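Chemist:
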């Protein structure tokens, strides 16, 4: 009798371990089910394990007393969302990797057999190397441009906005309340061959300068690499501007004044005080801009030409038009892994913990 | 001399910021202006003449209106679910200290640092390999909840970071049941953060294109409809509906800001009263 009570107390005291393991086991079960690790009768075994694990945690919460309940509570709150992400985020990544190493039985078959088919990856690199290059180069240039445009704007709003700060910030965000696609289509109208910008440039005579800078191509602005980069810059600007603004806003203006009192001139105060303190914002903004820009295909489609397609266009085309899932998955996997690597390297070099 | 230069520098920076705002608004100006255009042919891209017709018949394009309703439906359902799931995560992370919270924090950022095209295509491979759900509304909603959860969890967590959880203990010491404590103390205090996150999630869902594109099946959402139609025709109703959404969001934003300003003014007023009372 006393033995069981002691045992129960021990379980109750370690309820957090129980809760965490239950969450992990349940997640693994869901990934196994979603990503087809198991088949046939094993499926019912995994489902049974899942139900048993969740049931036993529930049982412990009901019978374990207040201490156990307190220890279990965070895992209970986390579980619905985490299990959702396990099934619809982790399991898909696994099945993406699996399909990227599979081969089709025949040209028109929908069945895929896993066969360590690394040729999908060599096909991806051989046929779509240019698109990978475009994706990373365009996204990198666009990220730099968003810093060059976003930083001064954020600076002016944060330090010179005064009582209009919130209104100015609102003004910056408002354009992005219109649909992403509509904004991009609007840019294609603005940059069109007989559109306003081209005509103004022609009238002012800046055409040659733009040609020389390789922004224009034979009197065209639309359907050039510059237009694609411009579109990416525009569409992802708020992701750069807002984090920078947040980090600038946090800066204590007394520090800047102190620098002035110590005979630092304005530019030195900026270099030595303001800019270092705003680096976390630039860091977060860079990630939030570069990652979606590298995977984008909308800008390249509406503002580019067949020679400016990015990897997103190729993945989309191979996946949805050619139904060539293995190669499309291989490209997506390469994109995912290379971005993850870049992010890791970047975090190592410029790292701050304050991402979100 | 030196002083003069910094003065010019100041001026130049402000001008640059002004130009930045003009740049941000350039396409918006076009979208709103062309909602009053009377286009020749199928493409509303060259200015012809001014008309109110499009605004008088904003829902004339049936397929477009239908798609907009679908988008609203999807956004409503996915926002509701993801707000609940995400808020629970946020409360767990900020209310409790527990084993593995660091790992959870890292895991939450993962969907945000994965390009949308990878999220969309990988989820599609999951749905391809099974016979339970067909591509359609269900898959779109599942996909939206998947990417909204992280956004909601991180937003709510950021908003309730400084929350004083001992208030709950105080309520319970005063004899409130846990349910009553939650309804009367905790929930009202974290509600603003949850609402802000829900708004963000709703906006993300309405505007999502890439992930939806991979998981939509036959269903046409508003962005998908625009994408599909853009090759064939760009009717002015697109501009009208986009302008409507824009004006509506601006109105929402303004009421939010005004309400916030009024609230802080009230707070100051009560603080003043309180001080006066105590001085007596």
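Residue numbers (the numbering used here), protein chains in the order written: chain A, 2 to 357; chain B, 29 to 308.
Ideal Cβ placement from N, Cα and C applies to all residues, glycine included.
Just so it is clear, the structure is predicted and the values come from calculations on it, not from any experiment.
As a quick exercise: from B:101, B:203, B:192, B:207, pick the residue whose alpha carbon is nearest that of residue 217 of chain B.
Modeler: Residue 217 of chain B has its Cα closest to that of B:192, out of B:101, B:203, B:192, B:207.
Chemist: Cα separation between residue 15 of chain A and residue 50 of chain A?
Modeler: The straight-line gap from Cα to Cα measures roughly 21 angstroms.
Chemist: I'd like to know if the stretch 261 to 268 of chain B and the stretch 60 to 70 of chain B are in contact, where contact means that at least 3 CB-CB pairs between them fall below 8 angstroms.
Modeler: The answer is yes - the stretch 60 to 70 of chain B touches the stretch 261 to 268 of chain B, with three or more Cβ pairs under 8 angstroms.
Chemist: Which full runs of the beta strand (DSSP E) of 3+ residues lie inside the stretch 79 to 107 of chain A, going along the chain?
Modeler: 103 to 105
Chemist: Between the C-alpha atoms of residue 207 of chain A and residue 69 of chain B, what's the straight-line distance to the nearest angstrom?
Modeler: Rounded to the nearest angstrom, the two C-alpha atoms are 32 angstroms apart.
Chemist: Output yes if chain B places a C-beta closer than 7 angstroms to the C-beta of residue 190 of chain A; else output no.
Modeler: yes
Chemist: Out of curiosity, what's the CA-to-CA distance linking residue 30 of chain B and residue 138 of chain B?
Modeler: With a pLDDT of 44 at residue 30 of chain B, under the threshold of 50, the modelled position of this residue cannot be trusted; read the value that follows with caution. Computed Cα separation, rounded: 49 angstroms.
Chemist: Is there a C-beta anywhere in chain A that falls below 7 angstroms from the one on residue 127 of chain B?
Modeler: yes
Chemist: Output yes or no for whether 7 angstroms exceeds the beta carbon distance between residue 156 of chain B and residue 239 of chain B.
Modeler: no
Chemist: Distance, Cα to Cα, residue 215 of chain A vs residue 209 of chain A?
Modeler: 10 angstroms
Chemist: Which of helix, strand or coil does DSSP assign to residue 218 of chain A?
Modeler: strand
Chemist: Throw me the rounded Cβ distance for the residue 75 of chain A and residue 124 of chain B pair, which I believe falls under 8 angstroms.
Modeler: 4 angstroms
Chemist: Leaving out five residues on either side along the sequence, give the residues of the same chain with a beta carbon under 6 angstroms from the beta carbon of residue 136 of chain A.
Modeler: 295, 311, 312
Chemist: List the DSSP bridge partners of residue 114 of chain A.
Modeler: A:104
Chemist: According to the neighbour-count rule (16 or more other Cβ atoms, all chains shown, within 10 Å of its Cβ), is residue 101 of chain A buried or exposed?
Modeler: Classification for residue 101 of chain A: buried.
Chemist: Do the stretch 190 to 198 of chain A and the stretch 163 to 174 of chain A make contact, defined as three or more Cβ pairs closer than 8 angstroms?
Modeler: No, the stretch 190 to 198 of chain A is not in contact with the stretch 163 to 174 of chain A.
Chemist: Pick out whichever of B:119, B:85, B:140, B:253 has its Cα sitting closest to the Cα of residue 86 of chain A.
Modeler: B:140
Chemist: Output yes if chain A places a C-beta closer than 7 angstroms to the C-beta of residue 120 of chain B; else output no.
Modeler: Output row for residue 120 of chain B: interface = yes.
Chemist: Counting contacts by CB-CB distance shorter than 7 angstroms, is residue 1 of chain A in contact with chain B?
Modeler: With chain A covering 2 to 357 only, the question about residue 1 of chain A has no answer from this structure.
Chemist: Quick check: what's the CA-CA separation for residue 65 of chain A versus residue 22 of chain A?
Modeler: 17 angstroms
Chemist: Looking at the secondary structure, which residues open and close the alpha helix (DSSP H) in which residue 277 of chain A lies?
Modeler: Residue 277 of chain A -> alpha helix (DSSP H) spans 276 to 296.
Chemist: Taking the C-alpha atoms as reference points, what is the distance between residue 119 of chain B and residue 202 of chain A?
Modeler: Cα-Cα distance, rounded: 55 angstroms.
Chemist: Are there three or more Cβ pairs, one per stretch, closer than 8 angstroms when the stretch 264 to 284 of chain A is compared with the stretch 311 to 328 of chain A?
Modeler: Output reads no: the stretch 311 to 328 of chain A does not touch the stretch 264 to 284 of chain A.
Chemist: Could you name the residues of chain B that residue 128 of chain A contacts, counting a contact when the two beta carbons are closer than 8 angstroms?
Modeler: Simply none; closest approach about 17 angstroms.
Chemist: Check the Cβ-Cβ distances between residue 215 of chain A and every residue of chain B, and say whether any is below 7 angstroms.
Modeler: no
Chemist: Does any residue of chain B have a CB that is nearer than 7 angstroms to the CB of residue 85 of chain A?
Modeler: Residue 85 of chain A counts as touching chain B.
Chemist: Quick one: grab the DSSP three-state call for residue 19 of chain A.
Modeler: helix
Chemist: For residue 42 of chain B, go through chain A and note every residue whose CB falls closer than 9 angstroms to its CB, in chain order.
Modeler: 157, 161
Chemist: Using a Cβ-Cβ distance cut-off of 7 angstroms, determine whether residue 149 of chain B contacts chain A.
Modeler: yes
Chemist: Using the three-state DSSP reduction, which class does residue 72 of chain B fall into: helix, strand or coil?
Modeler: coil
Chemist: By Cβ distance, which residues of its chain are closer than 7 angstroms to residue 315 of chain B, with the 5 residues on each side in sequence left out?
Modeler: For chain B, the structure presents residues 29 to 308; residue 315 of chain B sits outside this window and is missing.
Chemist: If the criterion is Cβ atoms closer than 7 angstroms, does the pair residue 303 of chain A and residue 185 of chain A meet it?
Modeler: yes
Chemist: Fully enclosed by the stretch 72 to 139 of chain B, which alpha helix (DSSP H) runs are 4 residues long or longer?
Modeler: 81 to 84, 90 to 123, 129 to 137
Chemist: What are the residues in the stretch 6 to 20 of chain A lying within 9 angstroms of chain B by C-beta distance?
Modeler: 17, 18, 20
Chemist: Got a sec: is the Cβ-Cβ distance from residue 293 of chain B to anything in chain A below 7 angstroms?
Modeler: no
Chemist: Is the beta carbon of residue 103 of chain B sitting closer than 7 angstroms to the one on residue 230 of chain B?
Modeler: yes
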